[in-house]
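Q: Shown below is the structure under consideration.
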Amino acid sequence: MKLLQSPLCELTIAKKESSVEPGDGVKYSGLSSGSDGRLKNDDAYFVTLVKQEAFNNKHVALQETQDHDPTNANEGMHNGHNLSDSESNLYRKVKQEALTKPEDDLHANGMDISGPEQEARTQSSVDGKLEPDVNDPNFHCRPCKYTYKNLYLYRQHLRRTHKLKLKSLIKPAKLFANPEATPDPDDLNNYCLQCDKTLSSRHSFRTHLLVIHKIETAPSLNNKGIEPDINDPNFHCRSCDKTMRSKRGYQLHLTAVHGINLAPHRKRALDPEPDDPNHYCRVCQRNYSSRVNYRQHIQAVHRMVLLVRKDPNELPDPFDSQFYCRVCDKTSKSYRAYRSHCIRVHMMKLGRHTISKPGATIDIHSPDFYCAQCEHNYKKKNAFQNHLCSVHDINVRI
């Protein structure tokens, strides 16, 4: 009897140096194995191919014998007759291996394969109308009868093996409580209608509108009328008397609360008119309540440098005892605030701070933060210390 052997089997056997030994089935030499004695993934796949080829060759040989003697062929097929001892052992071993799925061994070693066997399995699952459940919580593939370790491997298997087109796992954006509503930037209770949420402070409310809803609010200054210093190294807003934790937080505060655009000013075809009698900004298309607010807007938002007025009648009296600005028709709360107003709003160059009572004794431990020489009370200890240091050259720590 002549055995027919395919070129593929000859090639793989020659490559891996496999040999047949009597009574022991197929012996595979030159294969690597793990610490547990099991073959590695590549070698396990090779062994399966060799076993299948050996079984196919034996089946071809028996089929050829059946053509001459069907009785002997059937008997040899079932009982191993008309075969040598080594061939009979090989037949039984290969037949037993043929009853198992070769890909199951590869799955056990954590290896996903693709090939004729996998395509046949996939086709059978389609014919049987058994499709994988993409949302299976256990990552179990029903057609393949295999469970994966995590969602990533399971979805990768579904894409590659079953050719499923899966959607992204990115979570949908957070929905607003009232998506059709529009927040009111001037709400006195700092309530956001769209989010159905009340913020703790005006600053938090304005920041919320800017970051979440992309709503820019109008510039806001406290009663001092002091413009923030955008280059403050300590991230301290002197207008709000508040220090931010980071430069990014400080910039966000300037934009959200004071409406200050930190981008440098670029000459445009249309710039605001600094001396507009109606305090109207033609760029922003907005009117301001006073001249000082309008000019502050021009400086902060549009980054324009305003020239000093040449007409002295348009300038306030820097020594006014009532801290009254006749140009802006506005009274400041303190002498220091009034001088700051003259310098920043009217671009006045003033000399050193004027001391009303230079001979008075200053109590650096004053509980009211009172300066006897300037006859002025300060609201906070920090402001009192800064005054003593900058005006009177007294460095103290209270």
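Counting from -11, one number per residue, gives the positions in the sequence shown under our numbering. Using N, Cα and C, we set each Cβ at its ideal position, and we do this for glycine too.
Could you pull out every residue in the same chain whose Cβ sits closer than 6 Å to the Cβ of Arg236, ignoring the five residues on either side in sequence?
A: Counting only Cβ-Cβ distances below 6 Å, and skipping sequence neighbours, we find nothing.
Q: Measure the beta-carbon distance from Arg332 to Glu215 and round it to whole angstroms, keeping in mind my assumption that it falls under 8 Å.
A: At roughly 6 Å, the Cβ-Cβ gap stays under 8 Å, so Arg332 and Glu215 are in contact.
Q: Using 7 Å as the threshold, is the C-beta distance between Ile248 and Leu242 below it?
A: Yes, they are a contact pair.
Q: Could you please give the first and the last residue of the uninterrupted alpha helix (DSSP H) stretch that includes Ile331?
A: Here the alpha helix (DSSP H) through Ile331 covers 323 to 332.
Q: Tyr282 by DSSP, collapsed to three states: which one?
A: In this structure, Tyr282 counts as helix in the three-state DSSP scheme.
Q: Decide if Gln310 is buried, meaning its Cβ has at least 16 other Cβ atoms within 10 Å, or exposed.
A: Per the 10 Å Cβ criterion, exposed.
Q: Should Arg26 be labelled buried (16 or more other beta-carbon atoms within 10 Å of its own) or exposed?
A: With a pLDDT of 49 at Arg26, under the threshold of 50, the modelled position of this residue cannot be trusted; read the value that follows with caution. It counts as exposed.
Q: Would Thr149 count as contacting chain B if we go by Cβ distances under 7 Å?
A: Judged by its chain identifiers, the structure shown contains no chain B, having just a single protein chain.
Q: Which of helix, strand or coil does DSSP assign to Thr170?
A: Here Thr170 sits in coil by DSSP.
Q: Measuring only the C-alpha atoms, how far is Arg194 from Pro173?
A: Rounded to the nearest angstrom, the two C-alpha atoms are 7 Å apart.
Q: If I'm right that Arg314 touches Pro304 with Cβ under 8 Å, what's the distance once you round it to whole angstroms?
A: Confirmed, about 6 Å.
Q: When DSSP labels each residue in this structure, what does Thr349 get in the three-state scheme?
A: In the structure shown, Thr349 sits in coil (DSSP, three-state: anything other than H, G, I, E or B).
Q: For Cys132, which option in Pro120, Ala325, His285 has the closest C-alpha, if you only look at C-alpha atoms?
A: Cα-wise, what sits closest to Cys132 is Pro120.
Q: Provide the residue(s) that pair with Lys318 in DSSP beta bridges, ordered along the chain.
A: In the DSSP output, where bridge partners are listed per residue, Lys318 has Cys313.
Q: Take Asn280 as the anchor and find which of Cys272, Arg270, Asp263 has the nearest alpha-carbon.
A: Residue 280 is actually Val in this sequence, not Asn. Answer by Cα proximity: Asp263.
Q: Helix, strand or coil: how does DSSP classify Lys369 here?
A: Helix at Lys369.
Q: Rounded to the nearest angstrom, what separates Cys330 and Met336 at their Cα positions?
A: Their backbone Cα atoms lie some 6 Å apart in a straight line.
Q: To which residues of the same chain is Ile352 closer than 6 Å at the C-beta, ignoring the five residues directly before and after it?
A: Excluding sequence neighbours, Ile352 sits near Val384.
Q: Give the single residue among Cys362, Ser354, Asp356 whose Cα lies nearest to the Cα of Gly347.
A: Residue Cys362 is the option with its Cα nearest to Gly347.
Q: Between Gln373 and Leu176, what straight-line distance do the alpha-carbon atoms span, to the nearest angstrom?
A: In a straight line, the C-alpha of Gln373 is about 35 Å away from that of Leu176.
Q: Tell me the DSSP secondary structure of His364 in three-state form.
A: It is a strand residue.
Q: Return the CA-CA distance between Val245 and His201, expressed in angstroms with no decimal places.
A: About 15 Å.
Q: Could you tell me the boundaries of the alpha helix (DSSP H) in which Gln273 lies?
A: From DSSP, Gln273 is part of no alpha helix (DSSP H); its letter is neither H nor E.
Q: Quick one: what does DSSP say Lys235 is sitting in, helix, strand or coil?
A: Lys235: helix per DSSP, three-state reduction.
Q: Using the Cα positions of Asn266 and Phe164, report the straight-line distance between them to the nearest angstrom.
A: Asn266 and Phe164: Cα-Cα distance of roughly 40 Å.
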